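Report on the structure given below.
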Amino acid sequence: MCSNIDDIQAAYRRYQRELSDSQKLAHLPDSVLWTFRGAQATGRSAGFSASNSHRPSFRKALRDSKGDVLDPAMVKIIKRTACGLAQRIIALHPINQANKNQPREYYRTKCPHLWYGSVMLLEEQHRDVALCSAHWKADHLLGQAMARIKKEGKRAHSAKTARSNSNSTDSDGKQEVPAMPQKSKQTANEITPLRPGPSKQNCTVSTSPKDMEERQAVGASSRRPPASPMKQTNTQSLRSPLRNKSPSPSPSNQCLSNVSTPDAPISPPPPSVVSTSSLPLSSTAPTSQVSFASRPLAAVKVDDNYANLRRTLQSPELRLAEDVITTGLELLDVMEHAPTHGGHGFPSSEVNALLTCVKTADPICIDNEDDLYEGWGHWQWTSGSLTIGAVITSWSAVGNTDIARQLIAAAMATCKAARLLCLERTPKPKSYLSDMYVDRLLSTLSDVWKRSGGPPFKGKARATERLAAPAAPPPVPPAASPTEEQGVEMAIADGLDDVENALGDQMADDDLDDPFALAAMDMTALQSKLRFLHVPELRTIAAKKQIPGVRLMNKETCVSAIAALPSTTCPTLGKIEDIIAKRASTKKVKPSGAKSAKSGDSATLESNDLLHTPRAPRIIANAGEFTS
């Protein structure tokens with residue numbers, strides 16, 4: 001219970017910290033219906049009727065930031081979210097029967113943390129609901145959801161009462177043997193209900209002991225209630241908030257939280273939503289899809305920060321294609337280095353509706369099995385006219401980089417959810433439709449970024465110019481030349497961009513990208529082989545694979561990050577062995593310049609012997625230069 005209320009309490013604390021008077025932003029038109037009185041003055045176009053001027057129709061009252069009416073499919077999604085939050089409120093705090101007719105006023109005064117916390121959650125999930133003052137749109141949405149729950153509960157209870165009355169009438173008509181009166185009357189209670197004793201007219205005048213025993217046996221059998229009705233009555237009495245009053249069921253004694261289908265004998269409390277950003281649970285579910293409710297889809301979340309999106313794109317769990325990863329990483333780079341491109345605009349209503357549809361998709365509500373399992377994601381990205389190509393037509397429709405990151409994070413979460421749904425399916429699917437929509441989304445976002453004049457990210461070009469700016473150092477004798485490993489470390493310290501020149505051709509991209517080499521490779525063998533490489537070589541591989549934070553990595557961190565790459569981008573064992581072999585051969589042919597330079601005097605004394613060697617003139621000349 002505590003975990004289910006944490007998000008509501010956190011939202012209520014945010015509600016308490018905000019300012020009481022919220023002024024309408026200057027760029028918002030009056031048609032957004034900022035105040036409730038202004039919406040009432042608008043009249044029918046705002047959803048108010050002449051008969052009821054206090055309960056608007058949100059098919060017309062919900063507007064986007066431009067003042068346009070929201071799409072009907074989007075309004076249904078918002079109402080479904082409000083209904084789920086109302087069910088959570090009732091489950092956490094069942095309403096008192098005396099105050100059941102005014103649930104909104106009751107929760108406002110008695111449980112403000114539940115009510116206003118749910119108001120904040122509704123506005124945070126759907127930004128268009130927050131375009132008003134004093135939260136009047138979210139407040140009325142929750143109030144109307146409470147009214148619908150109350151109406152459905154009354155209808156279900158009436159149907160159940162009618163069925164119980166018909167069953168009791170049929171059972172009374174079948175009984176032909178009257179029951180004997182009891183010696184002492186017992187008052188009926190709601191735990192073990194007993195039938196009232198028969199009237200004196202049903203009593204016979206026979207006083208035979210045999211007849212009396214037979215009639216007592218028949219009466220006892222007729223008075224014994226069946227097991228299932230007794231169990232149902234017991235459960236109903238324990239859940240009834242008016243336990244000490246009349247045991248007979250009536251519509252006024254029915255709890256507001258009992259809102260299940262009419263076929264259920266007893267209405268259980270509604271399920272609670274684990275997280276506001278998770279997939280919402282439906283109040284009713286088909287029998288064939290009940291197994292989805294036990295899936296931990298609420299835990300399928302992807303944070304939309306840049307570092308986490310890069311890790312998720314290259315995650316071995318998803319195993320996305322190489323071109324998809326490249327497109328996504330390039331798009332994230334340009335957005336991170338130009339976050340204010342296009343200004344801080346608002347997304348279009350279509351983009352907002354598409355994002356909400358993807359984030360709030362629920363497998364329980366999907367009837368077509370082709371849209372489930374490996375097809376999960378098809379319904380979200382193609383519902384109605386809300387497709388990627390039809391909605392994301394320009395960067396102004398996206399609005400800003402925050403919305404773009406939210407779209408990418410929602411697509412990544414859809415990929416994870418599809419794999420979770422197929423966790424127990426045999427055989428395992430070879431492909432997922434959600435991966436195709438990730439590719440389409442990244443390509444479309446990258447295209448509209450370029451068409452809008454978005455600046456490209458030239459990190460390598462800037463690093464190259466920075467390295468070429470200082471003048472070239474004067475040539476030094478071989479004794480003072482650094483080793484190959486020291487040169488690599490200097491290149492990494494300057495930017496990790498021209499390290500290919502330090503290592504030569506041993507780290508070529510074609511040698512490291514073998515898409516079929518890791519088909520049967522063991523991860524432990526790969527990590528042990530990577531540990532034979534030096535830190536500069538490991539950092540170079542990580543930099544080429546665009547792993548973030550290369551400068552701060554040590555050897556073990558580099559090994560773990562490289563081993564976690566997908567099989568299509570991870571270096572093979574053969575290429576790693578080639579790097580080690582080339583490094584060993586390079587060390588064998590190195591001249592010992594440092595030792596020869598330090599022993600200049602001994603070289604002069606032994607000049608006669610060195611004249612017979614081919615390298616003696618060079619050593620003597622060097623010694624002469626030092627002495628001069």
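The UniProt record's numbering puts the first residue of the sequence shown at 1, with every later residue one more than the last.
By construction, the Cβ of each residue, glycine as well, lies at the ideal position given by its N, Cα and C atoms.
Just so you know, these numbers come straight off a predicted model, no measurement behind them.
Rounded C-alpha distance that separates residue i from residue j
{"i": "A409", "j": "A417", "result": "12 angstroms"}
{"i": "N165", "j": "R14", "result": "50 angstroms"}
{"i": "A26", "j": "M412", "result": "36 angstroms"}
{"i": "L386", "j": "L141", "result": "24 angstroms"}
{"i": "K555", "j": "V535", "result": "6 angstroms"}
{"i": "L526", "j": "S349", "result": "49 angstroms"}
{"i": "A561", "j": "I576", "result": "15 angstroms"}
{"i": "R155", "j": "A147", "result": "12 angstroms"}
{"i": "A41", "j": "D30", "result": "12 angstroms"}
{"i": "E317", "j": "P112", "result": "43 angstroms"}
{"i": "G342", "j": "E105", "result": "44 angstroms"}
{"i": "P427", "j": "A39", "result": "56 angstroms"}
{"i": "A390", "j": "S158", "result": "47 angstroms"}
{"i": "T414", "j": "T360", "result": "11 angstroms"}
{"i": "residue 660", "j": "R311", "result": "For the chain, the structure presents residues 1 to 628; residue 660 sits outside this window and is missing."}
{"i": "A50", "j": "R44", "result": "8 angstroms"}
{"i": "K582", "j": "K545", "result": "21 angstroms"}
{"i": "V52", "j": "Q144", "result": "It is Asn, not Val, that sits at residue 52 in the sequence shown. Straight-line Cα distance between these residues: approximately 13 angstroms."}
{"i": "residue 650", "j": "P571", "result": "Absent from the structure is residue 650, since the part of the chain shown begins at 1 and ends at 628."}
{"i": "L355", "j": "G454", "result": "22 angstroms"}
{"i": "D439", "j": "P566", "result": "17 angstroms"}
{"i": "D333", "j": "T326", "result": "11 angstroms"}
{"i": "Q314", "j": "K110", "result": "49 angstroms"}
{"i": "A10", "j": "P456", "result": "40 angstroms"}
{"i": "R163", "j": "N305", "result": "56 angstroms"}
Which listed residue (the options) has its alpha carbon closest to that of residue i
{"i": "I541", "options": "T524, A525, S528 and T569", "result": "T569"}
{"i": "L433", "options": "A390, I388, P455 and H378", "result": "H378"}
{"i": "A307", "options": "T572, V358 and R405", "result": "R405"}
{"i": "D402", "options": "P112, I325, L329 and D303", "result": "D303"}
{"i": "P94", "options": "I77, P347, I149 and C558", "result": "I149"}
{"i": "A82", "options": "A338, R44 and V129", "result": "V129"}
{"i": "G67", "options": "Q87, C558 and L131", "result": "L131"}
{"i": "A338", "options": "K450, A145, V69 and L121", "result": "K450"}
{"i": "L420", "options": "L530, P548 and L372", "result": "L372"}
{"i": "L320", "options": "V559, S396 and K430", "result": "K430"}
{"i": "D64", "options": "R127, K24 and Q9", "result": "R127"}
{"i": "T524", "options": "A563, A390 and L122", "result": "A563"}
{"i": "I388", "options": "A50, S528 and L407", "result": "L407"}
{"i": "T557", "options": "V358, G574 and L530", "result": "L530"}
{"i": "A134", "options": "A162, W34 and A145", "result": "W34"}
{"i": "R425", "options": "N400, H344, E374 and W395", "result": "E374"}
{"i": "residue 629", "options": "C422, V334 and Y437", "result": "Because residue 629 is not part of the residues shown, which for the chain are 1 to 628, the question remains open."}
{"i": "V75", "options": "N167, W376 and C357", "result": "C357"}
{"i": "I5", "options": "L28, V69, Q87 and H54", "result": "Q87"}
{"i": "Q380", "options": "C422, Y116 and A73", "result": "A73"}
{"i": "N400", "options": "M335, C422, W376 and M553", "result": "M335"}
{"i": "V69", "options": "V32, P103, H54 and N101", "result": "V32"}
Cutoff 6 angstroms; reference residue i; Cβ partners in own chain excluding five residues on either side
{"i": "G47", "result": "P56, S57, K60 and A61"}
{"i": "I580", "result": "F532"}
{"i": "A397", "result": "S348 and V351"}
{"i": "I547", "result": "A561"}
{"i": "D71", "result": "A353"}
{"i": "L573", "result": "K529"}
{"i": "I78", "result": "H126"}
{"i": "E322", "result": "T568"}
{"i": "K24", "result": "W34"}
Contact belief for residue i with residue j at Cβ below 8 angstroms, rounded distance in angstroms
{"i": "I392", "j": "T340", "result": "Not really, about 19 angstroms apart at Cβ, beyond 8 angstroms."}
{"i": "L331", "j": "S446", "result": "5 angstroms"}
{"i": "A138", "j": "E152", "result": "That pair is no contact at about 21 angstroms."}
Contacts around residue i, its chain only, beta-carbon distance under 7 angstroms, and the 5 residues preceding and following it disregarded
{"i": "F36", "result": "W136"}
{"i": "L114", "result": "I8, I89, L92, H93 and Y107"}
{"i": "L85", "result": "S118, L121, L122 and L142"}
{"i": "V324", "result": "V438, D439 and L442"}
Chain C contact for residue i (CB, 8 angstroms cutoff)
{"i": "N167", "result": "The structure shown has no chain C; it contains just one protein chain."}
Residue i beta carbon near the ligand HEM (any heavy atom closer than 7 angstroms)
{"i": "V69", "result": "Questions concerning the ligand HEM fall outside what the structure shown contains, since it holds no ligand whatsoever."}
Residues near residue i by beta carbon distance below 8 angstroms, same chain, minus five either side
{"i": "W395", "result": "H341, G342, V448, W449, R451, S452 and G454"}
* To do: Can you check the region 351 to 424 for any alpha helix (DSSP H) of at least 4 residues that lies completely inside it and give the ranges in chain order?
  => 378 to 382, 388 to 391, 395 to 398 and 401 to 421
* Just list the alpha helix (DSSP H) runs in the region 550 to 580, keeping only unbroken ones of 4 residues or longer that don't cross its boundaries, in chain order. => 555 to 563
* To do: Enumerate, from N- to C-terminal direction, the unbroken alpha helix (DSSP H) stretches of 4 or more residues contained entirely within the region 30 to 57.
  => 36 to 42
* Sequence ranges, alpha helix (DSSP H) only - wholly within the region 93 to 172, length at least 4 -> 103 to 110 and 112 to 125
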